[in-house]
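Please read the structure below before turning to the comments.
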Amino acid sequence: MQKQNATDGLMLTIDQVSHLSGVRKSTLRYWEKSFDEFLRPARTLTNRREYSMEDLDIVKTIKRLLDEEHLTSEGVRVRLEKLVHRQSN
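Here it is in structure tokens:
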């Protein structure tokens, strides 16, 4: 039997993701366009963004790669692609 995580299915607003990650809402919107192959929050019927816990992890990873490892946007894309490829194997 598979164990259910308490956060499975939990959706976060852009305000909550901003607060939890320390990333400004305007930056989250920009990253959604810049890293659209990795960061794709769902939309409600009223077109509001809903972020999954996986999306929050991606936001935190992007922030770390930019702030701590000083990668360019292209470098972040390459690193995220490697992470996604590694997880799919």
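Residue numbers (this note's numbering): -2 to 86.
Even for Gly, the Cβ is constructed at its ideal location relative to N, Cα and C.
Predicted model, so just to flag it, every value in this text is computed and none were measured.
Looking at the DSSP output, Leu9 sits in a beta bridge with Tyr48. Non-local C-beta neighbours of Leu53 in its own chain, meaning closer than 7 Å and more than five positions away in sequence, comprise Leu9, Val14, Leu17 and Ser18, ordered along the chain.
Beyond the five residues adjoining it in sequence on each side, Val20 comes within less than 7 Å, by CB distance, of Val56 and Lys60 in the same chain, given in chain order. At a Cβ-Cβ threshold of 9 Å, Phe35 and Val81 count as neighbours. Linking Ser49 to Ala39 through their CA atoms gives a straight-line distance of about 8 Å.
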